[in-house]
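K.L.:
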Ligand code: MF3
Ligand code: CO
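So this is what it looks like as structure tokens:
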């Protein structure tokens with residue numbers, strides 16, 4: 004396995020372009036997601052918009068994944084395959100994960116949406132997950148270590164009584180969607196490789212309301228919480244630069 008590939012400023016600019024495509028598609032999906040809409044319709048919308056932006060899907064065909072979008076409702080953690088019979092309803096939480104290639108460079112981002120009015124518990128889970136990603140991004144600074152990023156997620160989440168999923172992790176990103184290093188959502192501060200300019204990471208906390216355990220469904224993809232509790236997911240691609248963290252997948 005090759006090591007961590009550092010990116011030049013020009014390459015980071017390409018990754019920015021790819022991530023802006025991802026952001027725009029997620030914005031369109033977020034505006035469309037509402038009670039009565041199926042996750043299949045969101046997948047169709049994502050594919051259509053991607054074409055419009057002259058980019059290619061990163062997930063379709065990846066290890067045989069059958070859609071352009073991952074749409075994970077309620078107790079589904081990640082990798083929910085869009086389906087006509089999964090129809091959103093008031094009170095759901097919906098995690099949308101989307102990736103795209105633009106000019107050979109990959110963008111990857113995820114967010115959890117609240118559909119209509121959700122329970123206070125669901126809202127707290129979504130907020131804690133979003134905040135844990137912000138804490139992690141703050142650690143994406145030259146001289147910090149990868150463990151500082153992981154610990155930022157874990158400490159924020161566990162202080163609020165939630166648990167981080169250990170079976171999946173974030174990752175380096177560049178010409179490939181998944182590059183070294185793995186970016187776990189748990190770990191020890193001060194440990195792991197030092198962060199250096201030109202590293203680009205996809206940081207993606209997956210957080211369960213109950214325990215951390217995961218079950219993969221019959222389709223080989225859909226990852227659900229073992230205890231049936233809710234789960235949330237946020238992801239940004241971030242470049243480590245001399246001027247601090249450059250979040251590539253938001254405005
Ligand atoms: N954001 C996810 C990841 O980084 C998306 C992968 S879905 C897959 O692993 F279908 F492409 F595997
Ligand atoms: Co990712």
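In the working numbering, the protein residues as written are 4 to 254.
For each residue, glycine too, the CB sits at the ideal point set by N, CA and C.
(1) Could you spell out the range, first to last residue, of the beta strand (DSSP E) harbouring residue 80?
(2) Within the 8 Å Cβ cut-off, does residue 164 reach chain C?
(3) If we ignore side chains and look at the alpha-carbon of each, how far apart do residue 173 and residue 37 end up?
(4) Grab me the residues of residue 57's own chain with a C-beta within less than 8 Å of its C-beta, minus the 5 sequence neighbours each way, in chain order.
(5) Cutting at 6 Å between CB atoms, please list the residues of its own chain near residue 139, excluding the five before and the five after it.
(6) Alpha helix (DSSP H) containing residue 45: first to last residue?
(7) In chain order, what residues of the same chain have a beta carbon less than 6 Å from the beta carbon of residue 170, not counting five sequence neighbours either side?
(8) For residue 239, collect the residues of the same chain with a Cβ closer than 7 Å to its Cβ; drop the 5 residues on either side in sequence, then sort them by chain order.
(9) Counting C-beta neighbours from all protein chains within 10 Å, is the total for residue 123 16 or more, i.e. buried, or is it exposed?
(10) What does the Cβ neighbour count give for residue 107, buried or exposed, with the cut at 16 atoms within 10 Å?
(11) Taking only three categories from DSSP, how would you classify residue 97?
(12) Use the C-beta contact count for residue 126: other C-beta atoms within 10 angstroms, 16 or more gives buried, fewer gives exposed.
P.N.:
Looking at the coordinates:
(1) 79-81
(2) This model lacks chain C altogether; it includes just one protein chain.
(3) 28 Å
(4) 105
(5) 152, 155, 156, 206
(6) 42-55
(7) 217
(8) 112, 136, 140, 206, 250, 252, 253
(9) Per the 10 Å Cβ criterion, exposed.
(10) exposed
(11) If DSSP states are grouped into helix, strand and coil, residue 97 belongs with the strands.
(12) exposed
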